[in-house]
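Structure first, then comments.
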Amino acid sequence: MALRILGVPSAAGAYGNGVARAPGAMRAAGIVEGLRDQGLAAADAGDLPAVAFSPDPASLRAQHLDVVIAVARDVARRVADMDEAGDVPLVLGGNCTITLGVIAGLCERHPRLGLAYLDGDADMSTPERTTSGVLDAMGIATMLGLSGAAPAFARMGPRTPLMGGRDIALLGFDEAELDAALRAQLVSQGVHLFDGRSMRGRAAEAASEALGALSHRRGLIVHFDVDVVDSTDLPLGQFPHFNQGLSLIDALEALAVLAAAPDVLAVLITEVNPDNDPDGRHVQRLVDGTVGSLGRAMGG
Numbered sequence: 616m617a618l619r620i621l622g623v624p625s626a627a628g629a630y631g632n633g634v635a636r637a638p639g640a641m642r643a644a645g646i647v648e649g650l651r652d653q654g655l656a657a658a659d660a661g662d663l664p665a666v667a668f669s670p671d672p673a674s675l676r677a678q679h680l681d682v683v684i685a686v687a688r689d690v691a692r693r694v695a696d697m698d699e700a701g702d703v704p705l706v707l708g709g710n711c712t713i714t715l716g717v718i719a720g721l722c723e724r725h726p727r728l729g730l731a732y733l734d735g736d737a738d739m740s741t742p743e744r745t746t747s748g749v750l751d752a753m754g755i756a757t758m759l760g761l762s763g764a765a766p767a768f769a770r771m772g773p774r775t776p777l778m779g780g781r782d783i784a785l786l787g788f789d790e791a792e793l794d795a796a797l798r799a800q801l802v803s804q805g806v807h808l809f810d811g812r813s814m815r816g817r818a819a820e821a822a823s824e825a826l827g828a829l830s831h832r833r834g835l836i837v838h839f840d841v842d843v844v845d846s847t848d849l850p851l852g853q854f855p856h857f858n859q860g861l862s863l864i865d866a867l868e869a870l871a872v873l874a875a876a877p878d879v880l881a882v883l884i885t886e887v888n889p890d891n892d893p894d895g896r897h898v899q900r901l902v903d904g905t906v907g908s909l910g911r912a913m914g915g
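Residue numbering for the sequence shown follows our numbering, beginning at 616 and increasing consecutively.
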């Protein structure tokens, strides 16, 4: 098994262009060399084409939907090729919509996928409920194919819905993301919920519980959105959560547990905005911590 680092410098589904610079910033901070120093067989597979953000007045409730779908399909093709070669993609976003591309690229060969979604947001918006129309707030609702989700995006892969609820664990999300109706909808779908407050100080245990809840799976995708970390600790997230969320240490402990699953098929790091970090020290902290977590998880 080898890690293949794939950059997806796309901001099409985001709130601004900073996230498109994340793959370059993480490479400059030494993520590839750091993984190799941990004893991992890590190779850099380069970047997909960069895609900028701009407002989309023609589609206010699902901005740049066609572009976001095109990027996700490019991700799906690259990830499928890596998987067929026996490699594990480490996908550097970019925004959270690329996770749907990873699922689409893997679910045909691995129909019983599980998804561990370590994220400060529940991503349950839809074009019907949105005020921003930004698609990276719609990932979970879209992959579940919920009522009101953008149909073209929900059907972008080889199956619809892309994921069943019982195959998803949401970890670290802000409780304010889910009102009673949205929480009930996720529970009715069978989604496993581990909110940020309940994970503080016991993130590794919660991650183990999430893996247990997904024990029926045959293959795991690990999604790590850095906005799961309290922005006071790590001010990198494209969508900030100040005085909320996990500490960086907690988040990295959860990542290490999830990535150590023997059936892990892909790991994603999303929503890193280097523009929030002028001197680069927080990107360096993130890269060093991620390298350490993946080294502990996969180095053996």
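Where a beta carbon is used, it is the ideal one built from N, C-alpha and C, also for glycine. As the structure is a computational prediction, the values presented were derived from the model and not from experiment.
Taking all protein chains shown into account, residue 886 has 16 or more neighbouring C-beta atoms within 10 Å of its C-beta and is therefore buried. Selection 842, 857, 909, 729 evaluated against residue 752 yields 842 as nearest (Cα-Cα).
Residue 895 and residue 847 have their C-alpha atoms some 16 Å from each other.
Straight-line measurement puts the Cα of residue 871 at about 17 Å from the Cα of residue 617. Counting only the Cα atoms, residue 683 lies some 22 Å from residue 783. DSSP, reduced to helix, strand and coil, places residue 766 within a helical segment of the structure shown.
Contact between the region 699 to 717 and the region 874 to 892 is present: three or more C-beta pairs spanning the two stretches fall below 8 Å.
The Cβ-Cβ distance between residue 790 and residue 737 does not fall below 7 Å.
Between the alpha carbons of residue 700 and residue 858 lies a gap of roughly 43 Å. Measuring C-alpha to C-alpha distances from residue 811 to each of 741, 718, 860 identifies 860 as the nearest.
Note: residue 732 is bridge-paired with 785, 838 in the DSSP secondary-structure output. Counting only runs of at least 3 residues, the region 790 to 859 fully encloses the following beta strand (DSSP E) elements, listed from N- to C-terminal order: 807 to 810, 835 to 840. Here DSSP, grouped into helix, strand and coil, assigns residue 908 to helix. Between residue 837 and residue 873, the CB-CB gap stays under 7 Å. For residue 640, the uninterrupted alpha helix (DSSP H) segment begins and ends at 637 to 643. The shortest C-alpha to C-alpha distance from residue 875 to any of 893, 822, 901 is the one to 822. By the Cβ-count criterion, residue 652 is exposed, with fewer than 16 other Cβ atoms from all chains shown falling within 10 Å of its own Cβ. Excluding sequence positions up to five before and after residue 702, its CB lies within less than 6 Å of the CB of 617, 619, all in the same chain and listed in chain order. Beta-bridge partners assigned by DSSP to residue 619: 658, 704. Nearest Cα to residue 661 within the set 681, 685, 697: 697. Judged by DSSP in its simplified three-state form, residue 863 adopts helix. By the criterion of a C-beta distance shorter than 8 Å, residue 727 is surrounded in its chain by 782, 831, 832, 833, 834, once the five residues flanking it on both sides are discounted.
Per the DSSP secondary-structure output, residue 884 pairs in a beta bridge with 707, 839.
Distance from the CA of residue 899 to the CA of residue 666, rounded to the nearest whole angstrom, comes to 24 Å. A Cβ-Cβ separation of about 17 Å leaves residue 716 out of contact with residue 668 under the 8 Å criterion. Rounded to the nearest angstrom, the gap between the Cα atoms of residue 743 and residue 802 is 21 Å. Residue pairing by DSSP leaves residue 674 without any beta bridge partner. In this structure, residue 724 sits away from residue 621, with a CB-CB distance that is not shorter than 7 Å. Residue 879 carries a strand assignment under DSSP once its states are collapsed to helix, strand and coil. Residue 765 and residue 680 have their C-alpha atoms roughly 8 Å apart. By the neighbour-count criterion, in which 16 or more other beta carbons inside 10 Å mark a residue as buried, residue 712 falls on the buried side. At a Cβ-Cβ threshold of 7 Å, residue 902 and residue 644 count as neighbours.
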